[in-house]
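In the numbering used here, the protein residues as written are 369 to 766.
Even glycine gets a Cβ: it sits at the ideal position worked out from N, Cα and C.
Notes follow the structure.
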Amino acid sequence: MPGVRTSTPRFGSQSALREANSQRIVEAIRRHGALTQVEIAATTGLSQATVSTIVKLLLSQGVVDTRTTVRTGRRAQLVTLAQRTGLAVGIHIGQRSLRVLVGDSGHDALSERVLPLPPDHRVDTTLDRAALLVVDLVEALGAELSEVVGAGVALPAAVDPRAGVIRARWVLDGWDDVDVRDVLARRLGVPVVVEKDATAGVIGESRFGAGRGYSDVAFVRASYLVGAGLVVNGQAHRGRRGIVGEIGHVEVDPSGAICPCGSRGCLNTVVGAEALTGLLRMSRGGITLRDLIRLAVQGDPGCRQVIADAGAAIGAVVAGLALALDPQRVVVGGELAETGELLLAPLRDAVTRRVPLTGDDGVDVVRGELGLQAEVRGLVALAFDHARSTGLVLGGKE
Numbered sequence: 369m370p371g372v373r374t375s376t377p378r379f380g381s382q383s384a385l386r387e388a389n390s391q392r393i394v395e396a397i398r399r400h401g402a403l404t405q406v407e408i409a410a411t412t413g414l415s416q417a418t419v420s421t422i423v424k425l426l427l428s429q430g431v432v433d434t435r436t437t438v439r440t441g442r443r444a445q446l447v448t449l450a451q452r453t454g455l456a457v458g459i460h461i462g463q464r465s466l467r468v469l470v471g472d473s474g475h476d477a478l479s480e481r482v483l484p485l486p487p488d489h490r491v492d493t494t495l496d497r498a499a500l501l502v503v504d505l506v507e508a509l510g511a512e513l514s515e516v517v518g519a520g521v522a523l524p525a526a527v528d529p530r531a532g533v534i535r536a537r538w539v540l541d542g543w544d545d546v547d548v549r550d551v552l553a554r555r556l557g558v559p560v561v562v563e564k565d566a567t568a569g570v571i572g573e574s575r576f577g578a579g580r581g582y583s584d585v586a587f588v589r590a591s592y593l594v595g596a597g598l599v600v601n602g603q604a605h606r607g608r609r610g611i612v613g614e615i616g617h618v619e620v621d622p623s624g625a626i627c628p629c630g631s632r633g634c635l636n637t638v639v640g641a642e643a644l645t646g647l648l649r650m651s652r653g654g655i656t657l658r659d660l661i662r663l664a665v666q667g668d669p670g671c672r673q674v675i676a677d678a679g680a681a682i683g684a685v686v687a688g689l690a691l692a693l694d695p696q697r698v699v700v701g702g703e704l705a706e707t708g709e710l711l712l713a714p715l716r717d718a719v720t721r722r723v724p725l726t727g728d729d730g731v732d733v734v735r736g737e738l739g740l741q742a743e744v745r746g747l748v749a750l751a752f753d754h755a756r757s758t759g760l761v762l763g764g765k766e
């Protein structure tokens, strides 16, 4: 697994070097969760001998624990942080669902619940339900809300990174200019960070899923709408205005339908849920996106063709993204990714035909490993990052 390798800085003494390497190992485990010593070496750039020596030291100091696991058919020792301080919450507010996950500082998912949402869900009602779900899940763990150090919230649209409000006002009716961060912080009594869902997804996959060990990752979220999240040089890239990765508004059909954003022929008008289900209206009537996915997986030829065409259209736009940013890996998530290679094969082919590199130098396009948990897993990690940076949990500033 390719690692994010960095050169070892020069220090004045062996003890200082050992301390610096210890911090690198602890930080790697904090960011990615439980790792084997081989994975720690790949992630930090340290030699396996150095990792082995420092892990033994950290064990003796009570900083880390180890447990046996089986990976790739072999027994290995997983290294985890010994001290787990507090809980954090990930809240993904989608166009048709609300997902809430509670995790600990070891990045274990402890409790999760998903609720359906109506197409026109109201901001006050949805945020109330989210807050109540958080309380229910925390109490079900036998914990108290005072143990929660923070929450992360993902929304299905570009989010202003400074104000924490939706920029794309047409995505969720009535949500424009609502300070979701402030509303939930007051209702839960904890610090809240707000992200675009695709950015939360790329953080989840790059730390815990298919992007782990890569410094440059693009996450394509193919759902009711399409968007992308980016990790560049190991850090989430949001841009000045928070609109990085809004590939759903790339023009793909100059004479196509008018997008809610006001432009004509955006990718979302071709592969968004309404467009895809509309293609099947004559043969399938009022089919939903979930129906389309289920029938495609079951082998329905019409539904499979719709998914394949969507993959090709998305791939053509992702190729442009790959040429502009040159990511090491493109991870595909969201509901449409549940169709597996039905979507990925034509998407990958469309990218390969447009990016003039082959073999090991080509663009690596894979399905996400976290499924529909990618966003909430990333949000829990962000909440802990924020808590550590403000001193709410042990571990110092990042």
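- Contact annotation: the segment 701-713 touches the segment 649-661, with at least three C-beta pairs closer than 8 Å.
- The straight-line gap separating the alpha-carbon atoms of Asp-492 and Leu-500 is approximately 12 Å.
- For the 8 Å CB-CB criterion, Val-733 and Ala-578 do not form a contact.
- For the pair Leu-715 and Val-674, the CB atoms are not nearer than the 8 Å cut-off.
- For Ala-755, the closest C-alpha among the options Ala-384, Tyr-592, Arg-398 is that of Arg-398.
- Rounded to whole angstroms, the gap between the alpha carbons of Ser-757 and Ser-623 is 49 Å.
- Note on geometry: alpha-carbon atoms of Val-570 and Ser-428 lie some 35 Å from one another.
- Leu-505 and Val-585 have their alpha carbons spaced roughly 32 Å apart.
- In this structure, Gly-701 places its C-beta atom within 8 Å of the C-beta atom of Ala-742.
- Per the C-alpha coordinates, the member of Val-551, Glu-614, Arg-580, Arg-649 positioned closest to Asn-601 is Arg-580.
- As the crow flies, the alpha-carbon of Ser-591 is around 15 Å from that of Val-685.
- Ranked by Cα distance from Gly-471, the options Ser-479, Arg-464, Asp-677 are led by Ser-479.
- Apart from the 5 residues on each side of it in sequence, Thr-412 sits with its Cβ closer than 7 Å to the Cβ of Arg-392, Ile-393, Ala-396 in its chain, given in chain order.
- In the structure shown, Glu-563 falls within a strand segment according to DSSP collapsed to helix, strand and coil.
- In this model, Pro-724 and Val-502 are separated by some 48 Å (Cα to Cα).
- Under the three-state reduction of DSSP, Ala-499 is assigned to helix.
- About 19 Å separates the CB atoms of Val-699 and Leu-469; that is not less than 8 Å, and the two are not in contact.
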